[in-house]
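For reference, the structure discussed in these notes is given below.
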Amino acid sequence: MSRALILHLGLLAVLLAGNVLLPAYHHGNMARIMVLAVYAMGYNIAFGYTGLLSLGHAMFFAAGMYGMGLAIRLADAGALPAMLTGLAAGAGLSLVVGLLALRTAGVSFMIVTLMFSQACYLAILYFGEWTRGDEGFVIQAVDRTLFGIDLSDPGNRYIAAWLLFSAVLLLTLRLVRRPAGRVFVAIRENEERARLLGYDTFRAKLSALVISGTISAAGGAAYGLLFGYAGASFAGVQYSIFPLLWVLLGGAGTVVGPLLGTLFMFYLIDLSSGFTEAYMLIAGLVLIGLTLFAPQGIAGELRRRLWKGLP
Amino acid sequence: MDFGPYLMLAMLEGAVMAAVLALTASGLSLVFGVMRVVNVAHGEFYMLGAVVAWFVAQHVGGGPAIGFVAALILAPLLVGGLAALADMTILKRIDYDPERTIVATIGLLYVIQQVALMTYGPNAQPVEPPFNQRIALPWLEWGDGGLAIYFPWGLSTTSYKLFVIIAAVAVILAVWLLMSRSKAGLIMRATQLDGEMATAFGIPVERVYAAVFGIGAGLAALAGVLIVPIQQAHYLMGGDALLLSFIVVIIGGLGSLPGTIVAAVLIGMSDGIISVFFSPTLAKIIATLLVALVLVFRPQGLFGARAR
Chain A
1060 MSRALILHLG LLAVLLAGNV LLPAYHHGNM ARIMVLAVYA MGYNIAFGYT
1110 GLLSLGHAMF FAAGMYGMGL AIRLADAGAL PAMLTGLAAG AGLSLVVGLL
1160 ALRTAGVSFM IVTLMFSQAC YLAILYFGEW TRGDEGFVIQ AVDRTLFGID
1210 LSDPGNRYIA AWLLFSAVLL LTLRLVRRPA GRVFVAIREN EERARLLGYD
1260 TFRAKLSALV ISGTISAAGG AAYGLLFGYA GASFAGVQYS IFPLLWVLLG
1310 GAGTVVGPLL GTLFMFYLID LSSGFTEAYM LIAGLVLIGL TLFAPQGIAG
1360 ELRRRLWKGL P
Chain B
-13 MDFGPYLMLA MLEGAVMAAV LALTASGLSL VFGVMRVVNV AHGEFYMLGA
37 VVAWFVAQHV GGGPAIGFVA ALILAPLLVG GLAALADMTI LKRIDYDPER
87 TIVATIGLLY VIQQVALMTY GPNAQPVEPP FNQRIALPWL EWGDGGLAIY
137 FPWGLSTTSY KLFVIIAAVA VILAVWLLMS RSKAGLIMRA TQLDGEMATA
187 FGIPVERVYA AVFGIGAGLA ALAGVLIVPI QQAHYLMGGD ALLLSFIVVI
237 IGGLGSLPGT IVAAVLIGMS DGIISVFFSP TLAKIIATLL VALVLVFRPQ
287 GLFGARAR
């Protein structure tokens, strides 16, 4: 076993131990953080590894959440088919968006993804008859059983979040160390050169975006299923900014970065909302501070100072 | 009311909208044109203009007219100064890297918005217009005795709305004159064409950038002051302004001032007219999708010339 694998398996073991060690409040928070970190890891594949700075990933998160939620609400599907519907919705949407948006690059790509995401958000409001718009809808506890396990129970919920998180973490770890993942990094560093070496960069970027969108959708679907609610605010601009913030903070292009960033930001906002209503002020200040002083993020600094081989 | 007068009313409302939009968007376009960066916090400068106008109206005595004139002068100066400061402390230090600038201005957006929430509060506040006479508008119709003029009920505007349109046109003309006729404009255009060469000719490029960022924000703030007697000031009003300005700047061709004006009139008018006949949400969905597709298939904008 390599050092990297030992490190990540150790992290997963610590998180699993949290299930029995953490007090109730932090236990619930940690389950939430792991699901949100799945979203952040999905975003990281596009932004951190491939260099595709998207400002519209909330549409993939929401596609997973609403694909899952609407399947239960309208088609009365079970939890497993509903989850798969959510994943399929995310994959389909990211394929369509990718085919269009990847014709642009840089600033245009950011604006195009922002606009597509905004259109999705408005569409959720427009079809309020089914989606209940801003108000959202609750997914009943009866519908939240997977293989006979009740997911509304905190312990089961923690394990489910942990399983999904572990699967995505190991998948990311494997992906970025395989040739396909290396091509992503090559595109991030210098797309022209990667093309010159004979790689089909459009296809590579498209597959990165689809993988990223599908993982984000998995995060969204799991969030809806585990916490029992789907609402339009999850499709808003703020939820496109969050994963960017988490990934930048934790370290773009590192496997553990998204978790570190999500954990840090979650507790920062949790603590500051005790003092003020304007807790997004903290997010804004952190974003500015990051671009100025630590563009590499936490894990990026670790990689620079301690261990060059951190994947 | 008949269809004709109704349409005219929608167009008048659209024209006010277009005037304010043209001001806001020309600020965004100026910043993009000269500095090649996208300022996501632009909508917040618009909001700040409106909020400053409210503060000034609260604290300056002597009637709404004096307070309004004071706001018209103070708001762009204050907001422009703030923006120039942000440029020097943040954007300069990240070297105007396009992508990092967007991330930093997103941060700036939240900081401004949340500080407004903490100081100004979550409520929408009205500002009294300096003058507000109702002006009934005539309508022509073929009657029994040939062409007849009459005043349909409900077809009216206010003197303040007409003033907004005239003021916006005047300011935009002034910006155009500044850019094309003055030495300062020449310096800005030189910086836009080739920053390095401009430096070689002794132009203080960093100060030009700070000034341009400040002017762009000042234009947005001015638009905010003008709109606040019609709409109320609210700490979240920057979001829609930003979205619409983006749409206008992209349709008009990034960084082209004449294109921006044409697009602002087009979008403002059609927004007024479309939302009379369709649901506003549907209109917004169509508009955002249209912008995304324009960027994908015609990146130079509908009116812009092919860039480089």
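Chains A and B, in that order, are what the protein sequence lines are.
Heads up: take any position in the first sequence, counting from 1, add 1059, and you land on this note's numbering.
Note that this note's numbering numbers the second sequence so that position 90 is 76, with each residue one more than the last.
For every residue, glycine included, the Cβ atom is placed at its ideal position computed from N, Cα and C.
Quantities reported herein were computed from a predicted structural model and do not represent experimental measurements.
Neighbour list for residue i in chain A, Cβ cutoff strictly below 8 Å
i	result
B:GLU85	LEU1112, GLY1165, VAL1166 and MET1169
B:GLY224	Going along chain A, no residue has its Cβ under 8 Å from B:GLY224, so there is no contact; the nearest lies around 12 Å.
B:VAL24	VAL1166, MET1169 and ILE1170
B:ILE236	ILE1170
Secondary structure of residue i, DSSP reduced to three states
i	result
B:LEU222	coil
A:LEU1223	helix
A:TRP1305	helix
A:LEU1154	helix
B:ARG294	Here the model assigns B:ARG294 a pLDDT of 39, short of 50, so the residue's position is not dependable, and the following value carries that caveat. If DSSP states are grouped into helix, strand and coil, B:ARG294 belongs with coil.
A:PHE1186	coil
A:SER1266	helix
B:ASN382	The question about residue 382 of chain B has no answer, for chain B in this structure spans -13 to 294.
A:LYS1367	coil
A:LEU1111	coil
A:TYR1338	coil
A:PRO1354	coil
A:PRO1238	helix
A:VAL1314	coil
B:TYR(-8)	helix
B:GLN44	helix
B:VAL214	coil
A:LEU1256	coil
B:SER168	coil
A:GLY1333	coil
A:ASN1249	coil
A:ARG1132	helix
A:ARG1191	coil
A:ALA1276	helix
One or two residues paired with residue i in a DSSP bridge
i	result
B:PHE142	In the sequence under discussion, the amino acid at residue 142 of chain B is Ser, which differs from the Phe named in the question. DSSP lists B:ALA122 as partners of B:SER142.
B:GLN111	B:ALA219
A:VAL1197	A:TYR1288
B:THR185	Its beta-bridge partners do not exist; DSSP assigns none.
A:THR1204	A:ASP1209
Chain-ordered neighbours of residue i on chain A, where CB pairs are closer than 7 Å
i	result
B:LYS270	LEU1181
B:PRO285	THR1163 and SER1167
B:ILE76	ILE1347 and LEU1351
Heavy atom of the ligand MG within 6 Å of residue i beta-carbon
i	result
B:SER265	In terms of ligand content, the structure shown is empty, and the ligand MG therefore cannot be addressed.
Neighbour list for residue i in chain A, Cβ cutoff strictly below 9 Å
i	result
B:PRO244	Simply none; closest approach about 21 Å.
B:PHE232	ILE1170, LEU1173 and MET1174
B:ILE80	THR1350, LEU1351 and PRO1354
B:GLN100	THR1335, GLU1336, ALA1337, TYR1338, MET1339, LEU1340, ILE1341, ALA1342 and GLY1343
B:MET33	Within 9 Å Cβ-Cβ: nothing; B:MET33 doesn't reach chain A, min ~14 Å.
Under 8 Å from the C-beta of residue i: neighbouring residues of chain B
i	result
A:ALA1358	Ordered by position in chain B, no residue passes the 8 Å Cβ test against A:ALA1358, which lies about 18 Å from the chain.
A:GLY1151	In chain order: nothing, as chain B lies at least about 17 Å away.
A:LEU1346	VAL89, ALA90, ILE92, GLY93 and TYR96
A:ALA1130	The contacting residues do not exist; A:ALA1130 stays about 23 Å from chain B at best.
A:TYR1185	SER265, THR267, LEU268 and ILE271
A:LEU1146	In chain order: nothing, as chain B lies at least about 24 Å away.
Partners in chain B for residue i, counting only beta-carbon separations shorter than 7 Å
i	result
A:ILE1300	ILE92
A:GLN1199	Going along chain B, no residue has its Cβ under 7 Å from A:GLN1199, so there is no contact; the nearest lies around 28 Å.
A:LEU1229	None at all; the shortest Cβ gap to chain B is about 29 Å.
A:LEU1159	VAL282
Contacts of residue i in chain B (Cβ-Cβ under 9 Å)
i	result
A:LEU1307	VAL89
A:LEU1303	VAL89 and ILE92
A:ALA1377	What is shown of chain A runs 1060 to 1370, which leaves residue 1377 of chain A out entirely.
Inset, instruction - Specify whether the region 1102 to 1120 of chain A and the region 1302 to 1314 of chain A touch according to this definition: at least 3 beta carbon pairs, one from each stretch, less than 8 Å apart. - result: Contact holds: three or more Cβ-Cβ distances are below 8 Å.
Legend entry - At least 3 beta-carbon pairs within less than 8 Å: the region 1318 to 1330 of chain A vs the region 1116 to 1125 of chain A: The answer is no - the region 1116 to 1125 of chain A does not touch the region 1318 to 1330 of chain A, with fewer than three Cβ pairs under 8 Å.
Inset, instruction - Taking 8 Å as the threshold, find out whether the region 244 to 258 of chain B comes into contact with the region 67 to 84 of chain B through three or more Cβ pairs. - result: At 8 Å Cβ cutoff, the stretches do not touch.
Legend entry - Segment contact flag, the region 1267 to 1281 of chain A with the region 1140 to 1149 of chain A, C-beta cutoff 8 Å, min 3 pairs: A contact exists between the region 1267 to 1281 of chain A and the region 1140 to 1149 of chain A.
Inset, instruction - Inspect the CB distances between the region 146 to 154 of chain B and the region 167 to 186 of chain B and report whether three or more fall short of 8 Å. - result: No, they do not touch.
Inset, instruction - Mind listing, in chain order, the continuous alpha helix (DSSP H) runs of no fewer than 4 residues lying wholly within the region 231 to 289 of chain B? - result: DSSP runs (the alpha helix (DSSP H)) wholly in the region 231 to 289 of chain B: 243 to 263 and 266 to 283.
Legend entry - Inside the region 63 to 119 of chain B only - alpha helix (DSSP H) runs reaching at least 4 residues: Annotation note: the region 63 to 119 of chain B contains the following uninterrupted alpha helix (DSSP H) runs of length 4 or greater, listed N- to C-terminal: 84 to 105.
Inset, instruction - Give, in chain order, every unbroken run of the beta strand (DSSP E) that is at least 3 residues long and sits entirely within the region 1062 to 1119 of chain A. - result: Listed in chain order, there is nothing to give.
Inset, instruction - Pair every Cβ in the region 1195 to 1203 of chain A with every Cβ in the region 1283 to 1298 of chain A, then say whether three or more of these pairs are closer than 8 Å. - result: Judged by Cβ distances under 8 Å, the region 1195 to 1203 of chain A makes contact with the region 1283 to 1298 of chain A, as three or more pairs qualify.
Legend entry - alpha helix (DSSP H) segments (min. 4 residues) lying fully within the region 1135 to 1180 of chain A: For the region 1135 to 1180 of chain A, the continuous alpha helix (DSSP H) assignments of 4+ residues that do not extend past its boundaries occur at 1138 to 1160, in sequence order.
Legend entry - At least three beta-carbon pairs within less than 8 Å, the region 24 to 43 of chain B to the region 215 to 230 of chain B: Flag = yes, the region 24 to 43 of chain B and the region 215 to 230 of chain B touch.
Inset, instruction - Decide if the region 103 to 117 of chain B is in contact with the region 205 to 217 of chain B; the criterion is three or more beta carbon pairs, one per stretch, under 8 Å apart. - result: Under the Cβ criterion (8 Å, minimum of three pairs), the region 103 to 117 of chain B counts as touching the region 205 to 217 of chain B.
Inset, instruction - Please confirm if the region 1233 to 1253 of chain A is in contact with the region 1066 to 1076 of chain A, defined as three or more CB-CB distances below 8 Å between the two stretches. - result: Taking 8 Å as the limit for Cβ pairs, the verdict is that the region 1066 to 1076 of chain A does not touch the region 1233 to 1253 of chain A.
Inset, instruction - Inspect the CB distances between the region 85 to 95 of chain B and the region 1349 to 1367 of chain A and report whether three or more fall short of 8 Å. - result: Pairwise C-beta distances place the region 85 to 95 of chain B in contact with the region 1349 to 1367 of chain A, as three or more of them are shorter than 8 Å.
Inset, instruction - Could you tell me whether the region 1222 to 1233 of chain A touches the region 1087 to 1094 of chain A, where touching means 3 or more Cβ pairs closer than 8 Å? - result: A contact exists between the region 1222 to 1233 of chain A and the region 1087 to 1094 of chain A.
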